[in-house]
Amino acid sequence: MSEERAFPGWRGTTIVCVRKGVRVCIAGDGQVSIGNTVVKASARKVRPLAGGAVIAGFAGATADAFALFERLEAKLEQYPAQLARACVELAKDWRTDRYLRRLEAMLIVADARETFILTGAGDVLEPEHGIAAIGSGGQFALSAARALTDHLDDPEAIARRAMEIASEICVFSNNNLTVETLG
């Protein structure tokens, strides 16, 4: 289900994850819009989980994303240091549980070794090239980050610049960033 169909008039969010060498960074913008109106410019859509061993960002409904973060934390406690297994178990629950099926959000999660995109359709996708992006400006940030990886070595610098570029193109994203880095 598209974000527009699920939340008529609500739009926003760009989240990008860049992995390069032993470091990984997730950056997210802070804009929340209803129609053509910016309702909030400083939402925090990127957070550390599992005592800081995992970082995650979300696009979609905030309450839904927080419910998913809580479930993911529980899966990470059940399967410590097994991000892939925790993500698959969450995706299975999300797809089959009647309550969870109604949650409208997408997640990017990363630890020191792996990165995944999770969706309510049951997808657990490991992105190519160490870069993932979601949200209304996600494709702009993804394109920018892919181009920047040939010229910059620092994943945080790549993520910040990719978000800046996305915010210049996507009217539903801004450059008020939350950034979390591991490694």
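With this note's numbering, the residue at position 80 of the sequence shown is 100, and numbering never jumps.
From the three backbone atoms N, C-alpha and C, an ideal C-beta is built for every residue, glycine too.
Three-state secondary structure assigned by DSSP to residue i
i: proline 68; result: strand
i: valine 191; result: coil
i: arginine 39; result: strand
i: serine 53; result: strand
i: threonine 116; result: helix
i: leucine 172; result: coil
i: alanine 164; result: helix
i: glutamine 159; result: helix
i: glutamine 98; result: helix
i: alanine 177; result: helix
i: arginine 122; result: helix
i: alanine 132; result: coil
i: alanine 85; result: helix
Paired residues, beta bridge with residue i - DSSP
i: arginine 91; result: Per DSSP, none; premise fails for arginine 91.
i: leucine 138; result: Leu127 and Val144
i: isoleucine 154; result: Ile35
i: phenylalanine 78; result: Leu127
i: lysine 60; result: Val52
i: valine 108; result: In the DSSP output, where bridge partners are listed per residue, valine 108 has none listed.
i: glutamate 184; result: Looking at the DSSP assignment, glutamate 184 forms no beta bridge with any residue, so it has no partner.
i: glutamate 200; result: Ile46
9 Å Cβ cutoff met for residue i and residue j
i: serine 187; j: glycine 158; result: no
i: phenylalanine 78; j: lysine 65; result: yes
i: leucine 162; j: isoleucine 178; result: no
i: alanine 101; j: valine 144; result: no
i: valine 199; j: aspartate 131; result: no
i: isoleucine 128; j: alanine 153; result: yes
i: leucine 126; j: glycine 140; result: It should be noted that the sequence gives methionine, not leucine, for residue 126. Cβ atoms of methionine 126 and glycine 140: closer than 9 Å.
i: alanine 63; j: glycine 80; result: no
i: asparagine 133; j: histidine 149; result: Per the sequence shown, the amino acid found at residue 133 is arginine instead of asparagine. It is not a contact, given that the beta carbons lie outside the stated cut-off.
i: valine 225; j: threonine 135; result: Nothing in the structure corresponds to residue 225, since the chain is present only between 21 and 203.
i: methionine 183; j: leucine 172; result: no
CB-CB length for residue i against residue j, believed under 8 Å
i: valine 38; j: proline 175; result: 4 Å
i: valine 36; j: alanine 47; result: 6 Å
i: arginine 67; j: phenylalanine 89; result: 7 Å
i: serine 193; j: threonine 82; result: That belief does not hold up - the Cβ atoms of serine 193 and threonine 82 are roughly 16 Å apart, past 8 Å.
i: glutamate 109; j: tyrosine 99; result: 7 Å
Do three or more CB pairs link the region 53-66 to the region 93-103 at distances below 8 Å?
-> no
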